[in-house]
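J.: Here the protein sequences come in this chain order: A and B.
All residue numbers for the first sequence refer to the UniProt record's numbering, where the first residue is 1 and numbers rise by one.
All residue numbers for the second sequence refer to the UniProt record's numbering, where the first residue is 1 and numbers rise by one.
Sending over a structure as structure tokens; questions will come in a sec.
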Amino acid sequence: MHDIIKVENLSKSYGQLKAVTNLSFNVKKGTVFGLLGANGAGKSTTIECILGTKPMESGTVSILGSNPKANRKELFQKVGVQFQEANYQENIRVGELCEVTSSLYKNATDYRTLLKKFGIADKSKTLVKELSGGQKQRLFIILALIPNPEVVFLDELTTGLDARARRDVWQILKELKGQGLTILLTSHFMDEVEKLCDEICILKKGNSVFYGTVEDAIAVSPYDKFEEAYLWYTDEEVSENENI
Amino acid sequence: MKTFSTMLKTEIKLSLRGIDMFIFAICMPIVVLVVLGIIYGTNPAFIDADYTFLEQSFGAIATIAICAGGVMGLPLVISDYRSKHILKRFKVTPVKPTIILLVQVTIYALYSLVSLITLFTVATAFFNFRMQGSIYQFILGWLLVMISIFSIGMMVGGISKNSKVAGIIASLLYFPMLIFSGATLPYEVMPSAMQKIVDILPLTQGIKILKSATLGLPVANAILPIIIMIVITIICSIIAIKFFKWE
Numbered sequence: 001m002h003d004i005i006k007v008e009n010l011s012k013s014y015g016q017l018k019a020v021t022n023l024s025f026n027v028k029k030g031t032v033f034g035l036l037g038a039n040g041a042g043k044s045t046t047i048e049c050i051l052g053t054k055p056m057e058s059g060t061v062s063i064l065g066s067n068p069k070a071n072r073k074e075l076f077q078k079v080g081v082q083f084q085e086a087n088y089q090e091n092i093r094v095g096e097l098c099e100v101t102s103s104l105y106k107n108a109t110d111y112r113t114l115l116k117k118f119g120i121a122d123k124s125k126t127l128v129k130e131l132s133g134g135q136k137q138r139l140f141i142i143l144a145l146i147p148n149p150e151v152v153f154l155d156e157l158t159t160g161l162d163a164r165a166r167r168d169v170w171q172i173l174k175e176l177k178g179q180g181l182t183i184l185l186t187s188h189f190m191d192e193v194e195k196l197c198d199e200i201c202i203l204k205k206g207n208s209v210f211y212g213t214v215e216d217a218i219a220v221s222p223y224d225k226f227e228e229a230y231l232w233y234t235d236e237e238v239s240e241n242e243n244i
Numbered sequence: 001m002k003t004f005s006t007m008l009k010t011e012i013k014l015s016l017r018g019i020d021m022f023i024f025a026i027c028m029p030i031v032v033l034v035v036l037g038i039i040y041g042t043n044p045a046f047i048d049a050d051y052t053f054l055e056q057s058f059g060a061i062a063t064i065a066i067c068a069g070g071v072m073g074l075p076l077v078i079s080d081y082r083s084k085h086i087l088k089r090f091k092v093t094p095v096k097p098t099i100i101l102l103v104q105v106t107i108y109a110l111y112s113l114v115s116l117i118t119l120f121t122v123a124t125a126f127f128n129f130r131m132q133g134s135i136y137q138f139i140l141g142w143l144l145v146m147i148s149i150f151s152i153g154m155m156v157g158g159i160s161k162n163s164k165v166a167g168i169i170a171s172l173l174y175f176p177m178l179i180f181s182g183a184t185l186p187y188e189v190m191p192s193a194m195q196k197i198v199d200i201l202p203l204t205q206g207i208k209i210l211k212s213a214t215l216g217l218p219v220a221n222a223i224l225p226i227i228i229m230i231v232i233t234i235i236c237s238i239i240a241i242k243f244f245k246w247e
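Below you can see the structure in the form of structure tokens.
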């Protein structure tokens, strides 16, 4: 049970396009794992294959020691998920969405506490579609935390948040991590990854090009800043220059 | 159970916020009832008939809400929740996405029930309406028509590629059935050639069952429509379950 998430040789393609090839990694209890890579590198596909919302072609996956497809009913009592796109009903209010989400779980946290913690307690009666981008993002993190999960999946954690809100979210996640929560996240912000992640995996066109700690990633690369090292791994710098 | 009741409460609020179902399933049947009541008053359905025109039409009007919910509301909400990935979100929770479909079916059944009760009340209070046949037979028939029409809606919502396709198919089913099956424009005033054509519509058959039950006509009269409705239910349910698209 030490490894909360185990992924072995995960592969998935869409027709001819190989989205993820032979990916393996483990996430230990109480750690934050970052799945990095450019848009289209296979991050979301990986998350969906792990969660079982997309079928994988080969490989094995386990979350909290069980197979997410076979054991979904018990497993998802303890797993929180925030998807990249928003999925909510047209005219639903913040409080209603939280209330319905709470009703799905046996040991749901009081969502009002979470709304307060994330600074949107006054928005309970607001329509979700009328929230600003940052407020929405905070709400979706809250929805992932409502089950009182042992592990959360956060796809593009702080996209759309302003500098202050990002720092607040980091702080909250660090606290939760301190309490034993395991987190798998994807992010495009390298400062965030450095602050939060114990281990990372960098994907390039569905292949793992680095797997280890942020420090190791810098050490192996010719650079001394993580963002530059990341770009070196993903070759984004080169391709950007080509575009000019 | 907690999940179902919380979700039902919220989805009812969302549905009422959308207002269209309130108009098409609750208000519209009353308007049709009152208009027919004013035009035909409490006159007998035909010379020497022992039931009034309105009694003859009651079953038909009671299907307006079923038709609105079944072939308009259900397909639209299902395809909408699929394209918004709401069904998908349930796949990463302990409950299955089927629960939200069940909630929606319950909501449209409630609309139909509320419509039936208001129609019964208004017709009895203002137009001397009397259920000539057995109320139990009527309720059984009403349930069969509802299940059958809802199964059509589940099939359309379940297999349509996207909300746009679902919307087009729903309109193609809803408007002809609303106008020509006898739900609004009484079947009895149509020329017999037209009656033969509109007999194709599933709702026309359903209305025959309810008319027969309201007027206390022999069950044998309704046997063919009953068989047709059951067959429709079976076929549509099988297709819906087999080919349902969750994403």
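Cβ coordinates follow ideal geometry from the N, Cα and C atoms, glycine included.
Closer than 8 Å is the cut-off here; do at least three beta carbon pairs connect the segment 66–79 of chain B with the segment 146–162 of chain B?
T.: yes
J.: Give me the residue from 204/B, 196/B and 219/B with the minimum Cα distance to residue 134/B.
T.: Closest option to residue 134/B, Cα to Cα, is 219/B.
J.: Which partner residues does residue 62/A have in the DSSP bridge list?
T.: 6/A
J.: Using beta carbons (cut-off 8 Å, strictly below), is residue 18/B in contact with chain A?
T.: yes
J.: Which whole-angstrom value is the C-beta distance of residue 63/B and residue 145/B, which I expect to be below 8 Å?
T.: 6 Å
J.: What residue does the alpha helix (DSSP H) around residue 67/B start on, and which one ends it?
T.: First-last of the alpha helix (DSSP H) with residue 67/B: 63–67.
J.: Who pairs with residue 44/B in a beta bridge, going by DSSP?
T.: 52/B
J.: From the DSSP output, which residues share a beta bridge with residue 82/A?
T.: 154/A
J.: Tell me whether the segment 23–31 of chain A and the segment 170–189 of chain A touch, counting them as touching only if at least three CB pairs, one residue from each stretch, are closer than 8 Å.
T.: By the C-beta criterion, the segment 23–31 of chain A is judged to be in contact with the segment 170–189 of chain A, since at least 3 inter-stretch pairs fall below 8 Å.
J.: Return the first residue and the last residue of the beta strand (DSSP E) that residue 32/A is part of.
T.: 32–36
J.: Tell whether a beta-carbon distance below 8 Å holds between residue 90/A and residue 136/A.
T.: no
J.: In chain A, what lies closer than 8 Å to residue 307/B by C-beta?
T.: Limits of chain B in this structure are 1 at one end and 247 at the other, which puts residue 307/B out of reach.
J.: Assign residue 36/A to buried or exposed, taking buried as 16 or more other Cβ atoms, counted over all protein chains shown, within 10 Å of its Cβ.
T.: buried
J.: Does residue 25/A come out as helix, strand or coil in the three-state DSSP assignment?
T.: strand
J.: Please confirm whether residue 181/B and residue 203/B have their CB atoms less than 8 Å apart.
T.: yes
J.: Could you confirm whether any beta carbon from chain A is found closer than 8 Å to the beta carbon of residue 7/B?
T.: yes
J.: So if DSSP puts residue 20/A in a beta bridge, which residue, or which two residues, is it bridged to?
T.: 12/A
J.: May I ask you to list, following chain order, the residues of the segment 90–119 of chain A that have a beta carbon less than 7 Å from some beta carbon of chain E?
T.: Looking at the structure shown, chain E is missing, and the protein chains on hand are A and B.
J.: With a threshold of 16 other CB atoms inside 10 Å of the CB of residue 14/A, please say whether the residue is buried or exposed.
T.: exposed
J.: Please work out which residues of its chain come closer than 8 Å, Cβ to Cβ, to residue 99/A, disregarding the five sequence neighbours upstream and downstream, and give them in chain order.
T.: 111
J.: Once DSSP output is grouped into helix, strand and coil, what is the label at residue 146/A?
T.: coil
J.: From this set, 23/A, 121/A, 75/A and 3/A, which residue's C-alpha is nearest residue 205/A's C-alpha?
T.: The shortest C-alpha to C-alpha distance from residue 205/A to any of 23/A, 121/A, 75/A and 3/A is the one to 23/A.
J.: Who are the neighbours of residue 76/A on chain B, taking C-beta pairs under 8 Å?
T.: Result: 92, 93 and 94.
J.: Just to confirm the assignment: which complete alpha helix (DSSP H) runs, minimum length 4, are found wholly within the segment 119–190 of chain B?
T.: 135–159 and 163–180
J.: Would you say residue 237/A faces chain B, with C-beta separation under 8 Å as the test?
T.: Low per-residue confidence applies at residue 237/A: pLDDT is 49, beneath 50, and the placement is therefore not dependable, though the value from the model is reported in the following sentence. Not an interface residue.
J.: Ordered along the chain, which non-local residues of its own chain (more than five positions away) have a Cβ less than 6 Å from that of residue 163/B?
T.: 79, 80 and 83
J.: When we look at the beta-carbon of residue 41/B and count the other beta-carbons within 10 Å, is it buried (16 or more) or exposed?
T.: exposed
J.: From this set, 62/A, 34/A and 123/A, which residue's C-alpha is nearest residue 3/A's C-alpha?
T.: 62/A
J.: Can you pull the chain A residues whose beta carbon is under 7 Å from the beta carbon of residue 14/B, in chain order?
T.: Near residue 14/B (Cβ distances below 7 Å), the residues of chain A are 89, 91 and 92.
J.: Just to confirm my understanding: we take residue 229/A, look at its own chain, exclude 5 residues before and 5 after, and list those with CB closer than 6 Å. What are they?
T.: 217, 218, 221 and 223
J.: Thinking C-alpha only, which one of 57/A, 74/A and 58/A is nearest residue 65/A?
T.: For the residues 57/A, 74/A and 58/A, the minimum Cα distance to residue 65/A belongs to 74/A.
J.: Which of helix, strand or coil does DSSP assign to residue 92/B?
T.: Three-state result, residue 92/B: coil.
J.: Under the DSSP definition of a beta bridge, which residues are partnered with residue 207/A?
T.: Within the DSSP secondary-structure output, residue 207/A pairs in a beta bridge with 204/A.
J.: Taking C-beta pairs closer than 7 Å, name the residues in chain A that residue 2/B reaches, listed in chain order.
T.: 103
J.: Run down chain B in chain order and give the residues with a C-beta less than 7 Å from the C-beta of residue 51/A.
T.: 92
J.: Do we get a CB-CB distance below 8 Å when we pair residue 83/A with the residues of chain B?
T.: yes
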